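See below for the structure under consideration.
Numbering (the numbering used here), first residue to last: 3 to 174.
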């Protein structure tokens, strides 16, 4: 069974992609920490010849002029794919923000490190899988998860304007 794991380690994205021919590890270590209380965009692409992860559409680098046609190393990471690698083949449900059960031992799978078992602390929105927007509030197991985003709700309580596309959720 194939595996896709996306994690933040010290605020920086790490991706483990195992499509059956061996693990591929992508790490964007040059970006500032994404654990800064702001919304960020993380894109993961894989096709016939390459897998790539891109942070914030390389927006910071474009604004500073650091990205050109071949640039953008600080905001992306990519690895070549083997011709034998196909699509992601999983029989298990999609797990977002944590694991329902322990992952396999990384030594048994040849992975460079273990997948974290710690739950994600933060907010996730606009999750798309194969281009399809997923409803994170419908038909999911949601242990230790609440609707809305506490950090965004606090912005309104403090009298500050909430970021674009954010909404305040009140709890009784």
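The beta carbon of each residue, even a glycine, is placed where N, CA and C say it ideally should be.
Since the structure is predicted, the reported quantities are computational estimates derived from the model, not experimental observations.
Identify, in the order they occur along the chain, each residue of the same chain with its Cβ nearer than 7 Å to the Cβ of residue i, setting aside the five sequence neighbours on each side.
i, result
"residue 97", "none"
"residue 101", "119"
"residue 58", "42, 43, 77"
"residue 112", "24, 25"
"residue 48", "19, 83"
"residue 70", "With a pLDDT of only 44 at residue 70, under 50, the local geometry of the prediction cannot be trusted, and no value is derived from it."
In terms of alpha-carbon separation, which member of the options lies closest to residue i?
i, options, result
"residue 87", "38, 51, 105, 31", "51"
"residue 129", "33, 46, 12", "46"
"residue 20", "118, 94, 83", "83"
"residue 40", "133, 138, 134, 124", "124"
"residue 56", "49, 79, 121", "79"
"residue 95", "48, 131, 110, 38", "131"
"residue 38", "138, 107, 12", "12"
What are the boundary residues of the alpha helix (DSSP H) that includes residue i?
i, result
"residue 110", "108-111"
Return the chain-ordered list of same chain residues with a C-beta closer than 8 Å to the C-beta of residue i, the five sequence neighbours on each side being excluded.
i, result
"residue 14", "29, 30, 31, 33, 35, 36"
Just to confirm before moving on: does the CB-CB distance between residue i and residue j stay below 8 Å?
i, j, result
"residue 3", "residue 81", "no"
"residue 99", "residue 117", "no"
"residue 6", "residue 90", "yes"
"residue 85", "residue 27", "no"
Please go through the same chain and pick out, in chain order, the residues whose beta-carbon is closer than 6 Å to the beta-carbon of residue i, but skip the five residues on each side of it.
i, result
"residue 103", "none"
"residue 8", "17"
"residue 105", "117"
"residue 136", "129"
"residue 72", "Low confidence applies to residue 72: its pLDDT is 42, below 50, so where it sits in the model is not reliable, and the reading given next is rough at best. If we look at residue 72 and ignore the five residues flanking it on each side, it has no Cβ neighbours."
"residue 122", "99"
The beta strand (DSSP E) spanning residue i covers which residue range?
i, result
"residue 82", "78-82"
"residue 9", "5-11"
**Study point:** Segments assigned beta strand (DSSP E), at least 3 residues, entirely inside the region 15-53
**Key:** Entirely contained in the region 15-53, the beta strand (DSSP E) runs reaching 3 residues are, in chain order, 25-29, 44-48.
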